[in-house]
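Report on the structure given below.
Residue numbers (the working numbering): 858 to 1821.
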């Protein structure tokens, strides 16, 4: 369609439309508006497009663009005519354009809300997902400019473009006329379009990380000629690890006649390397990095690991240096680990990559490790190396990423990779901060449904140099939201490793019931007490006495595992001496063989000063001999079934029984295919560490079961969503952000079935009497001055005033105690039924999203911080758990003989508040305090609502990398 170009742009250049995106193959491209300065780029781009693609775009042979075409395609008003280009290395690889049209199909201006859209992708870049990314961005631009619907005409033979439109997930209509397929689709995001967008995001970001972790060739840039130095050390680590690809050493100071160093081909520049380079490890000073990045980009390097420091961690100049680094790398479609990174590791047999400063390759295993800090990365690798090999078996690392300043690749990207990585069963992450909590919780929830995710969350700020909105939520609130998303939150590196080793080696427990057995009564009782403290349900410990043999341990463990009232077993062991003392190897094999007989339940060992036992457990897991000699009639070599194997349960309230000394052999389970896990039993040097790890596994297993059957967001017939929207719109016309008045608050909440008890002002005793007559006796008289509000403990409230005499007396008392009425700000309110005072809040955080919080009113929430939190939208299951999550929840359920209150009514109130803030993002804060929960019903006695223009939702917009 031909449209004349305006000589003047109607809007300034929209720089906020610029974005970096990850493409389907893991490379990156930059999307930006096309301007008048792009004429030469457009012509060059068009010359590289095949005749077939040109034909599909213009429906006729169109070998070259005329001057008029170039003018039309580069002059836009950024409102009715918009063009975007995808670029790599500053050159166009694809374009998209929309033109606003009216009902007759001719060019139009607002309020017309339809536009024609057309794409052109360079043939060399087709199949990389460029058109899909451009469609997301041009659709977001169109919505911003008031366009609600796109129309596209496509030749039937252009199946690739038809698929782009059909797969986008928008509500669409398809027709065929005059040999052309016409597609029309609404631009409002749908559940399906968001699902498609997020699936594409996951695949693209996972592939971008996979290109870094599984390169076919690596160049180390900055390798010194003399031994030592960072570059030479990394090259040595790659060689020692047995990297399976091609290695190159690069240093511009190498003499021309130097052909190799340490047996690795030597080059003066990356450009001198004959063949592709997938990954470059940059070990030069920060001042030389820009030229190295340019050289890598021009050679087609796919990714960089930048070890150099001197960037955002060093101050404003370094922060700008870091931004320039990221911009330069993205210009060439490269992704970056770092700068100031420790490096990356992949232990897979087909890769054997140690592109890090770690002098020794970790043992191969099933644990994925991520750490922002190099020091923490070293500590994690060291502890897993020590415990994974010498103490608790052969559990090791699949992949390791230490991101340093995480200027580009972040924990979110690596989480996308681990989500469907078949080599990783457990993910351990040390996060100094969470730059995008909304996205992280979304990814964590999806990952947690497939494999455990254990996180130590620091209280640090967002990495310096990042242009992301910081969360205003307290650290404890963010931690609670992570737990809601299925994250296993621990506090220390020790707990991170403890939990990881258990989850990597043992099946998940089916419940909290724990059997305890061992040869030390005191250690068993200590373990029992820790189980109670962690919320588990232990049976009384079984004391085998210090005379117990390996066979005694085997029989006792077999019986405990076979007992359907047990979900997990903790074995305690202390060293024994004297004739007949059990040997470490013998005891380890006894435990391992017994555990394999009933493989669906986790087993942990608490040992005291028994290094030999831990090493023997490792050896037992590796060799796995037959167990017929240990338990006559029991078959050896049986592989455990998948972790999801179901378990028959007995009554959980059945009292624990002491296990008999003699037990019958347990019949082996049916043979099943080999399980990827080795049956390794984790051993812990302290009871509290073992029990804490087990408690986290129990909670995670419970979350995983509940996540398999998510709750629902109920519909309520009395909610007036349209009426609320009209009221909010009218109120926002008064200003950008405001706390609305009492009457407006009551009206707005009423639209969602939330009714607030009226509180009438009482500036004089006479006014108080009139107010009491209006609402009806008995009444409450409250001081609402800021220092007295919600502080009944200070005496600013008088309750159950039955008549005028009592009311006037109470008014006089308050005035005498706290000052004149203008300071007190007294109000009169009809008495609500007695119950438990609670508080309900909702807030929209710019980074985390909308959050609903609940707690008891007063000291419990204000002083002790006893509040529970859930992300919006809150489901019925969320509301039920929210009420029960606070430590003071027993007060709602009949604590010490008090009457239980109406928690179903409270849960309904939480669901209605969630619906309000979810339906209307302009409602940025809601506080209901106090909410009195009585035996029947709830009474909202106070409410405030704050409105503001809705914050930008990154998760609803097109895919982008963090801006720089």
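Heads up, the beta-carbon is just placed ideally off N, CA and C, and yes, glycines get one too. Being a predicted model, the structure only gives us computed values, none of them experimental.
Just to confirm, is the Cβ distance from residue i to residue j under 8 Å?
i            : j            : result
residue 1140 : residue 1091 : yes
residue 1461 : residue 1539 : yes
residue 957  : residue 969  : yes
residue 1061 : residue 1343 : no
residue 1373 : residue 1396 : yes
residue 1298 : residue 1255 : no
residue 1401 : residue 1376 : yes
residue 898  : residue 875  : no
residue 1275 : residue 1207 : no
residue 1766 : residue 1789 : no
residue 1684 : residue 1631 : no
residue 1774 : residue 1698 : no
residue 994  : residue 1815 : yes
residue 1713 : residue 1668 : no
Which partner residues does residue i have in the DSSP bridge list?
i            : result
residue 1595 : 1804
residue 1461 : 1427
residue 1221 : 1254
residue 890  : 941
residue 1399 : 1374
residue 1228 : 1259 and 1287
residue 1346 : 1312
residue 1074 : 1103
residue 1161 : 1137 and 1193
residue 1712 : 1696 and 1724
residue 915  : Looking at the DSSP assignment, residue 915 forms no beta bridge with any residue, so it has no partner.
residue 844  : Nothing about residue 844 can be read from this structure; the chain reaches only from 858 to 1821.
residue 1644 : Note: residue 1644 sits in no beta bridge, so no partner.
residue 1337 : In DSSP, residue 1337 forms no bridge with anything.
residue 1122 : 1117
residue 1686 : 1616 and 1637
residue 1029 : 1042
residue 949  : 944
residue 1394 : 1370
Can you tell me the Cα-Cα spacing of residue i and residue j, whole angstroms?
i            : j            : result
residue 873  : residue 1394 : 55 Å
residue 1580 : residue 1777 : 11 Å
residue 1191 : residue 1736 : 44 Å
residue 918  : residue 893  : 25 Å
residue 1267 : residue 1260 : 7 Å
residue 1769 : residue 1741 : 18 Å
residue 1339 : residue 1707 : 14 Å
residue 1546 : residue 1196 : 35 Å
residue 986  : residue 1057 : 9 Å
residue 1802 : residue 1293 : 26 Å
residue 1138 : residue 1002 : 44 Å
residue 1052 : residue 1588 : 34 Å
residue 1116 : residue 1098 : 22 Å
residue 1017 : residue 868  : 34 Å
residue 1104 : residue 1417 : 54 Å
residue 1354 : residue 1310 : 12 Å
residue 1413 : residue 1465 : 20 Å
residue 1429 : residue 1335 : 36 Å
residue 922  : residue 1012 : 20 Å
residue 877  : residue 944  : 9 Å
residue 871  : residue 1160 : 30 Å
residue 1552 : residue 1779 : 40 Å
residue 1817 : residue 990  : 9 Å
Report yes or no: is there a C-beta of chain B within less than 8 Å of the C-beta of residue i?
i            : result
residue 1196 : Looking for chain B here will not work: only one protein chain is present.
Consider the C-beta atom of residue i and the heavy atoms of the ligand NAD; say whether any pair is separated by less than 7 Å.
i            : result
residue 1311 : Absence of the ligand NAD from the depicted structure is noted, as is the absence of any ligand whatsoever, leaving it without description.
Original post:
Fully enclosed by the stretch 1728-1798, which beta strand (DSSP E) runs are 3 residues long or longer?
Top reply: Taken in chain order, the whole beta strand (DSSP E) runs of length 3 or more contained in the stretch 1728-1798 are 1780-1791 and 1795-1797.
Subject >> Complete runs of the alpha helix (DSSP H) confined to the stretch 1168-1212 [at least 4 residues] >> reply: 1173-1188
Original post:
Unbroken beta strand (DSSP E) runs of length 3 or more, entirely within the stretch 1597-1641: which are they?
Top reply: 1616-1618 and 1636-1640
**OP:** Count the C-beta pairs between the stretch 901-920 and the stretch 972-987 that are closer than 8 Å, then say yes if the count reaches three, no if not.
**Re:** The count of Cβ pairs closer than 8 Å, one atom from the stretch 901-920 and one from the stretch 972-987, reaches three, so the stretches are in contact.
**OP:** Specify whether the stretch 1179-1191 and the stretch 1142-1156 touch according to this definition: at least 3 beta carbon pairs, one from each stretch, less than 8 Å apart.
**Re:** yes
**OP:** Give, in chain order, every unbroken run of the alpha helix (DSSP H) that is at least 4 residues long and sits entirely within the stretch 946-1025.
**Re:** 987-1001 and 1016-1023
Original post:
With contact counted as at least three CB pairs below 8 Å, one residue from each stretch, are the stretch 1594-1607 and the stretch 1556-1571 in contact?
Top reply: no
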